[in-house]
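**Student:**
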Ligand code: FPP
Ligand code: MG
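Residue numbers (our numbering): -15 to 287.
Following this line, the structure appears as structure tokens:
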């Protein structure tokens, strides 16, 4: 099976589950949401290899949980765009976005109940981590955070834990080494989030499908900001902290971008993302050129 066919099957599987709910409004809302890159499913496909048909429904569960988390996240972040389109909280309101997330999340768990205990526990625990990570993100956003350890702990929980779980459970399902593939997913997930945080600074709004420098406006002190803080001298540091969580004037945006450029904070963040991506590759217990390629593509991506 080709990857595109696999991803289509995952989408169809989710679509069938939502159709089973027999609610036209929910089905229409589901169909109005762009499907995204489906990174987690791509990884599961490459791990499942010739048994990928068996992995399809497990992939669909992971994607549905991920989608549910984004519906909640857009309310929490007060976002207006998701995957290049106005987000559900804008189109239908926050209450609908939260409830739709709950429906998707619960349906995913209803489907998950059919699996073996180890897989159920793994996925359920990663949703706990995901939620703790989001809470840490919310609390870290209240003031400028210059502690990189807190940042790494938060991105592991918020982003890497579900990717770790996706790679682990697909490996378990097809009889491969769950722990090692889980390590691969975890390190890839950390690299993925760091790259995401870099792109928020280096890309244009058009490329991102949402405004750039938005993380800092939302109060998120991502890794490049932590490094920038450490590289700046005292007056510039104070200026950086004073801009945290505020709507940025054109002059502030230019100041930030020029400081990022001159300080090397972006480059330093890239090096860290590369370190995690190499760790991911070294975690692989088998020769799998596709899974290595995913890592390189991730580091080089521009959106
Ligand atoms: C996006 O982060 C958010 C996540 C990866 C996870 C959010 C998790 C929750 C809201 C908890 C989910 C709970 C249940 C019950 C499913 P981001 O804001 O950094 O990324 P973005 O730029 O794509 O919005
Ligand atoms: Mg968000």
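For glycine and all other residues, C-beta sits at the position ideal for the given N, C-alpha and C.
For residue 84 versus residue 205, is the C-beta spacing smaller than 8 angstroms?
**Tutor:** Along the chain shown, read from residue 1 onward, the residue named residue 84 stands at position 100. Along the chain shown, read from residue 1 onward, the residue named residue 205 stands at position 221. It is not a contact, given that the beta carbons lie outside the stated cut-off.
**Student:** When DSSP labels each residue in this structure, what does residue 69 get in the three-state scheme?
**Tutor:** Counting from 1 along the chain shown, the entry for residue 69 is found at position 85. Residue 69: strand per DSSP, three-state reduction.
**Student:** Would you report the Cα separation of residue 41 and residue -3, rounded to the nearest angstrom?
**Tutor:** For the purposes of this step, residue 41 is identified with residue 57 of the chain shown, where counting begins at 1. For the purposes of this step, residue -3 is identified with residue 13 of the chain shown, where counting begins at 1. Roughly 7 angstroms between the two C-alpha positions.
**Student:** Measuring CB to CB, does residue 260 end up less than 8 angstroms from residue 175?
**Tutor:** By 1-based counting over the chain shown, the position of residue 260 is 276. By 1-based counting over the chain shown, the position of residue 175 is 191. Cβ distance < 8 angstroms, so residue 260 and residue 175 count as in contact.
**Student:** For the region 86 to 96 and the region 46 to 62, state whether three or more C-beta atom pairs, one from each stretch, are separated by less than 8 angstroms.
**Tutor:** Counting Cβ pairs under 8 angstroms, three or more are found: they touch.
**Student:** At what residue ranges does the region 78 to 147 contain a whole run of the alpha helix (DSSP H), taking only runs of 4 or more?
**Tutor:** Counting only runs of 4 or more, we get 78 to 96, 101 to 124 and 132 to 139.
**Student:** Would residue 157 pass as an interface residue toward chain D - the criterion being a Cβ-Cβ separation below 8 angstroms?
**Tutor:** This model lacks chain D altogether; it includes just one protein chain.
**Student:** Closest to residue 192 by C-alpha separation, out of 96, 139, 180 and 128, would be which residue?
**Tutor:** Residue 192 sits at position 208 when you count from the first residue of the chain shown. Measuring from the Cα of residue 192, the nearest candidate turns out to be 180.
**Student:** Tell me which same chain residues have a C-beta within less than 7 angstroms of the C-beta of residue 67, skipping the five on either side of it?
**Tutor:** In the chain shown, the residue the question calls residue 67 occupies position 83. Taken in chain order, the residues that qualify are 18, 20 and 193.
**Student:** Should residue 63 be listed as close to the ligand MG, given that the test is whether its C-beta is under 7 angstroms from any heavy atom?
**Tutor:** Position 79 of the chain shown holds residue 63. Yes.
**Student:** Would you kindly check if the distance between the Cβ of residue 104 and the Cβ of residue 96 is under 8 angstroms?
**Tutor:** In the chain shown, counting from the first residue as 1, residue 96 sits at position 112. In the chain shown, counting from the first residue as 1, residue 104 sits at position 120. Yes, the pair counts as a contact, with Cβ atoms nearer than the cut-off.
**Student:** Cβ of residue 86 versus every heavy atom of the ligand MG: is any distance shorter than 7 angstroms?
**Tutor:** Your numbering for residue 86 matches position 102 in the chain shown. Flag unset: Cβ of residue 86 not near the ligand MG.
**Student:** Could you name the residues of the same chain whose beta carbon sits closer than 6 angstroms to that of residue 117, not counting the 5 residues immediately before and after it, in chain order?
**Tutor:** Numbered from its first residue, the chain shown carries residue 117 at position 133. Around residue 117: 138, 141 and 142.
**Student:** For residue 186, which three-state DSSP category applies?
**Tutor:** Counted from its first residue, the chain shown places residue 186 at position 202. The answer is helix: DSSP assigns residue 186 an H, G or I state.
**Student:** Can you tell me the Cα-Cα spacing of residue 127 and residue 185, whole angstroms?
**Tutor:** Start at 1 with the first residue of the chain shown, and residue 127 comes out as number 143. Start at 1 with the first residue of the chain shown, and residue 185 comes out as number 201. Their backbone Cα atoms lie some 19 angstroms apart in a straight line.
**Student:** Run the proximity test for residue 184: is its beta-carbon closer than 7 angstroms to any non-hydrogen atom belonging to the ligand MG?
**Tutor:** What you label residue 184 is simply residue 200 of the chain shown in a count that begins at 1. Not so, every heavy atom of the ligand MG lies at least 7 angstroms from the Cβ.
**Student:** Is there at least one non-hydrogen atom of the ligand MG closer than 7 angstroms to the beta-carbon of residue 131?
**Tutor:** Within the chain shown, residue 131 is the residue found at index 147, counting from 1. Not so, every heavy atom of the ligand MG lies at least 7 angstroms from the Cβ.
**Student:** Rounded to whole angstroms, what is the Cα-Cα separation between residue 228 and residue 201?
**Tutor:** The sequence position of residue 228 within the chain shown is 244, counting from 1. The sequence position of residue 201 within the chain shown is 217, counting from 1. Approximately 6 angstroms between the Cα atoms of the pair.
**Student:** Buried or exposed: residue 152, going by 16 or more other Cβ atoms within 10 Å of its Cβ?
**Tutor:** What you label residue 152 is simply residue 168 of the chain shown in a count that begins at 1. Flag for residue 152 reads buried.
**Student:** If you drop the 5 nearest sequence neighbours on each side, which residues of the same chain put their C-beta closer than 8 angstroms to that of residue 81?
**Tutor:** Along the chain shown, read from residue 1 onward, the residue named residue 81 stands at position 97. If we look at residue 81 and ignore the five residues flanking it on each side, its Cβ neighbours are 55, 56, 58, 59, 71, 72 and 73.
**Student:** Assuming contact is defined by CB atoms lying nearer than 8 angstroms, are residue 46 and residue 146 in contact in what I supplied?
**Tutor:** By one-based count along the chain shown, residue 46 stands at place 62. By one-based count along the chain shown, residue 146 stands at place 162. Yes, Cβ-Cβ distance for residue 46 and residue 146 is below 8 angstroms.
**Student:** Residue 136: which of 234, 275, 207 and 43 sits nearest, CA to CA?
**Tutor:** Start at 1 with the first residue of the chain shown, and residue 136 comes out as number 152. For residue 136, the nearest C-alpha among the options comes from 207.
**Student:** DSSP three-state call for residue 203: helix, strand or coil?
**Tutor:** Translated into positions along the chain shown, residue 203 becomes position 219. Looking at residue 203 - three-state DSSP - the assignment turns out to be coil, as it is neither helix nor strand.
**Student:** Using the Cα positions of residue 35 and residue 28, report the straight-line distance between them to the nearest angstrom.
**Tutor:** For the purposes of this step, residue 35 is identified with residue 51 of the chain shown, where counting begins at 1. For the purposes of this step, residue 28 is identified with residue 44 of the chain shown, where counting begins at 1. Using only the alpha carbons, I get a separation of about 10 angstroms.
**Student:** Alpha carbon to alpha carbon, what distance is there between residue 32 and residue 129?
**Tutor:** Residue 129 sits at position 145 when you count from the first residue of the chain shown. Residue 32 sits at position 48 when you count from the first residue of the chain shown. Near 40 angstroms, if we compare the C-alpha coordinates of residue 32 and residue 129.
**Student:** Three-state secondary structure (DSSP) at residue 63?
**Tutor:** For the purposes of this step, residue 63 is taken as residue 79 along the chain shown, with counting starting at 1. Reduced to three states, the DSSP call for residue 63 is coil.
**Student:** Alpha carbon to alpha carbon, how far is residue 258 from residue 223? Give it in angstroms, no decimals.
**Tutor:** On the chain shown, residue 223 is found 239 positions in, with the first residue counted as 1. On the chain shown, residue 258 is found 274 positions in, with the first residue counted as 1. Spanning the two alpha carbons is a distance of roughly 30 angstroms.
**Student:** Quick check: what's the CA-CA separation for residue 233 versus residue 218?
**Tutor:** If you number the chain shown from 1, residue 233 lands on position 249. If you number the chain shown from 1, residue 218 lands on position 234. Distance between the alpha carbons of residue 233 and residue 218 is about 22 angstroms.
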